[in-house]
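Residue 60 in numbering that gives the first Met the number 0 sits at position 61 of the sequence shown, with consecutive numbering throughout.
Where a beta carbon is used, it is the ideal one built from N, C-alpha and C, also for glycine.
This structure is a prediction, so every number in the text was calculated from the model and none was measured.
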Amino acid sequence: MTNVYVMEKIPEKIIIPLKQHDGCLCTPLVSKGDMVSMGQKIGDCDCYDSASVHSSVCGEVISIEEAANPNGTKVNSVIIQPTEDVECVDLTPVKDVSASKLVDVIKGAGIVEHYGTPTHKVLRPEGKQIDTVLINATSSEWIGGHYDTSAQYASQMIDALKLLMKAAGASKGAVVLRNDDLESINAFDHLRVDGKLLTVAPLMGKRKLSYYFKDMGSDIIVVSQERIYGQKILDLLTYNLTGRRVSFCCDPTDVGVAICGVKSAKALYDAVHEGRPYIETVVSVSGKVNSPKKILVKIGTPFKDVIDACGGYMGETGKLIANGAVTGVAQYTDDVPVTKMTTSITVLSADEVIRDVSIDCTHCARCADVCPVDLIPSRITAFADQGRFDECRQMNILNCVECGRCSAVCPSKIHLLQLIRYAKNSIENAYEDLSSKESPANLKLGCGCSGGN
Numbered sequence: 000m001t002n003v004y005v006m007e008k009i010p011e012k013i014i015i016p017l018k019q020h021d022g023c024l025c026t027p028l029v030s031k032g033d034m035v036s037m038g039q040k041i042g043d044c045d046c047y048d049s050a051s052v053h054s055s056v057c058g059e060v061i062s063i064e065e066a067a068n069p070n071g072t073k074v075n076s077v078i079i080q081p082t083e084d085v086e087c088v089d090l091t092p093v094k095d096v097s098a099s100k101l102v103d104v105i106k107g108a109g110i111v112e113h114y115g116t117p118t119h120k121v122l123r124p125e126g127k128q129i130d131t132v133l134i135n136a137t138s139s140e141w142i143g144g145h146y147d148t149s150a151q152y153a154s155q156m157i158d159a160l161k162l163l164m165k166a167a168g169a170s171k172g173a174v175v176l177r178n179d180d181l182e183s184i185n186a187f188d189h190l191r192v193d194g195k196l197l198t199v200a201p202l203m204g205k206r207k208l209s210y211y212f213k214d215m216g217s218d219i220i221v222v223s224q225e226r227i228y229g230q231k232i233l234d235l236l237t238y239n240l241t242g243r244r245v246s247f248c249c250d251p252t253d254v255g256v257a258i259c260g261v262k263s264a265k266a267l268y269d270a271v272h273e274g275r276p277y278i279e280t281v282v283s284v285s286g287k288v289n290s291p292k293k294i295l296v297k298i299g300t301p302f303k304d305v306i307d308a309c310g311g312y313m314g315e316t317g318k319l320i321a322n323g324a325v326t327g328v329a330q331y332t333d334d335v336p337v338t339k340m341t342t343s344i345t346v347l348s349a350d351e352v353i354r355d356v357s358i359d360c361t362h363c364a365r366c367a368d369v370c371p372v373d374l375i376p377s378r379i380t381a382f383a384d385q386g387r388f389d390e391c392r393q394m395n396i397l398n399c400v401e402c403g404r405c406s407a408v409c410p411s412k413i414h415l416l417q418l419i420r421y422a423k424n425s426i427e428n429a430y431e432d433l434s435s436k437e438s439p440a441n442l443k444l445g446c447g448c449s450g451g452n
């Protein structure tokens, strides 16, 4: 298995955001001056769309305040000064539990998907029924933890898939690999599951998962396909794999599909078999650092400490990006913490940062040509820049998967992806009912960088 290094040095401070998911902010369960143990629950919320927050170290709570977050905002966070103690709360495995109890375990362990949705909400969405669970393992940086061997990784993923299926009440499940990830394919190939040998099947032509479930005579299969870039590609991934179309303003759970990541699958395996909450994660560090690597770190570790564990910066730093150079978020400080949604850290040198000035749109239609969901990004972003969000909705902006291809090919260097995200956030914040056609009066005008009409 790809080497994953373990960060041994404990940072001087740990920053635990009380919101590491899409949903309600957790209420702190500790106060300044309290001593906390590793694995102790320090934030919780009664809302179904939230996930508990735990301390990843032993130490003293030195403050609870708003702190910088990798998503570019400030979030109320518990700041902990670690001690040398390694005291941990009692960890109790929870094997052989009912499906409903398993959902409570997932929520209590604070397990969250890398795209922000709490895992229990993905598996048990209110008013919906899941029949198929997918583990999306198509991205090499989405490694869930430290494994001794490739076989151990594959075995734990299959065990985790069974747990996810049980929690969701689903009858079928699949692990989806990238077709050029030969190491993972070899790990799963010929793995024995319930007395049967697995064979990794490459998705070919227009065949969907239903064909492979029937052809292999199993409710659990492993398939491979090309990687689809971007964090919000769930609708597209669902259609490619199952043939089910996700309607406008819906998500895969509306068509009976739950998509989980390798990180959440590993976290569930640890929660069930070891009783461990979600307090550590693997981060891929790349770019201008002296020793790029995949490293297992405690949640709440500042980016600067992660980079120091990778040998430090190499030369002058031009940009620090969380979660991918194309679709990620550039950071204004390296004092932001690793969260449950952090998959990678990319460091660019000053020479690598392109600082082009946007010019007027030339209407070349390159953005429309590369859009995987057939949108017209240039037109949508022109409306977004003018604050005309009703028109953005009418042009199906919420179907955008934020892959970043439009920005990459734009000859006018217009910040298409950023404008689309800006408009989507404005719509989500302003519309309480997305089926409403009336434009709220509190929508703000654009940011003046679309360079055209």
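Between residue i and residue j, how many whole angstroms is the CB-CB distance? I'm expecting something under 8 Å.
i: C366; j: V408; result: 6 Å
i: D21; j: G115; result: 4 Å
i: L163; j: C259; result: 6 Å
i: T326; j: E401; result: 6 Å
i: I134; j: L101; result: The Cβ separation is near 16 Å, so there is no contact.
Keeping to the same chain, check which residues put their C-beta closer than 6 Å to that of residue i; ignore five residues upstream and five downstream.
i: T82; result: C57, G58
i: R177; result: T137, R226
i: V93; result: V104, V271
i: D304; result: P10
i: S377; result: C360, C366
i: N2; result: none
What separation, rounded to the nearest whole angstrom, lies between the Cα atoms of residue i and residue j?
i: V328; j: I61; result: 28 Å
i: R404; j: D355; result: 17 Å
i: I474; j: S411; result: With the chain covering only 0 through 452, there is no way to say anything about residue 474.
i: T237; j: V256; result: 7 Å
i: W141; j: S263; result: The pLDDT assigned to W141 is 49, lower than 50, so where the model puts this residue is not dependable; a value taken from the coordinates is nonetheless given after this. C-alpha separation (whole angstroms): 10 Å.
i: L319; j: G38; result: 29 Å
i: V271; j: K297; result: 19 Å
i: S55; j: M394; result: 44 Å
i: G274; j: I63; result: 27 Å
i: D48; j: Q80; result: 29 Å
i: V88; j: S36; result: 6 Å
i: Y4; j: K18; result: 27 Å
i: G109; j: C25; result: 11 Å
i: K287; j: K165; result: 43 Å
i: D389; j: H414; result: 20 Å
i: D384; j: K120; result: 33 Å
i: D368; j: G194; result: 48 Å
i: S406; j: A429; result: 26 Å
i: S97; j: I353; result: 53 Å
i: D180; j: T118; result: 25 Å
i: D295; j: Q155; result: What sits at residue 295 in the sequence shown is Leu, not Asp. Looking at the two C-alpha atoms, the distance is approximately 17 Å.
i: K40; j: A266; result: 16 Å
i: P251; j: R206; result: 19 Å
i: G386; j: S30; result: 42 Å
i: E86; j: V261; result: 28 Å
i: C23; j: C46; result: 7 Å
Give me the residue from the options with the minimum Cα distance to residue i.
i: A66; options: H362, F247, I13, A108; result: I13
i: V199; options: Q224, K205, S209; result: Q224
i: N289; options: A270, E315, T326, V174; result: E315
i: K127; options: D253, H414, I396; result: D253
i: S285; options: I379, E351, K293; result: K293
i: P16; options: C391, T338, D373, V85; result: T338
i: F247; options: V282, V372, S99, L295; result: V372
i: I278; options: I232, L90, S97; result: L90
i: H189; options: I220, S170, N2; result: I220
i: L196; options: G216, P291, I41; result: G216
i: S99; options: L122, V192, D84; result: L122
Once the 5 residues before and after residue i are set aside, which same chain residues still bring their CB inside 7 Å of it?
i: D158; result: Y268
i: I396; result: I379, I419, A422, K423
i: C363; result: P410
i: P276; result: G38, H53, A108, G109, A270
i: D43; result: C25, T26, L28, S51
Anyone know if the C-beta pair for residue i and residue j falls short of 8 Å?
i: P27; j: V77; result: yes
i: A324; j: Q330; result: no
i: T332; j: H113; result: no
i: A186; j: V132; result: no
i: V281; j: Y312; result: no
i: G317; j: S348; result: yes
i: K171; j: D218; result: yes
i: M455; j: V111; result: This structure gives no information on residue 455, because the portion of the chain shown stretches from 0 to 452.
i: I426; j: C399; result: no
i: I232; j: A169; result: no
i: A308; j: M34; result: no
i: I344; j: I375; result: no
Grab me the residues of residue i's own chain with a C-beta within less than 8 Å of its C-beta, minus the 5 sequence neighbours each way, in chain order.
i: S209; result: T241, G242
i: V222; result: A173, V174, V175, L176, V199, A200, P201, L202, L208, Y211, L240
i: S183; result: A136, S149, Y152, A153, L176, R177
i: R244; result: Y238, V254
If we define contact as Cβ-Cβ less than 8 Å, is residue i a contact residue for chain C?
i: Q224; result: Chain labels in this structure do not include chain C; a single protein chain is all it has.
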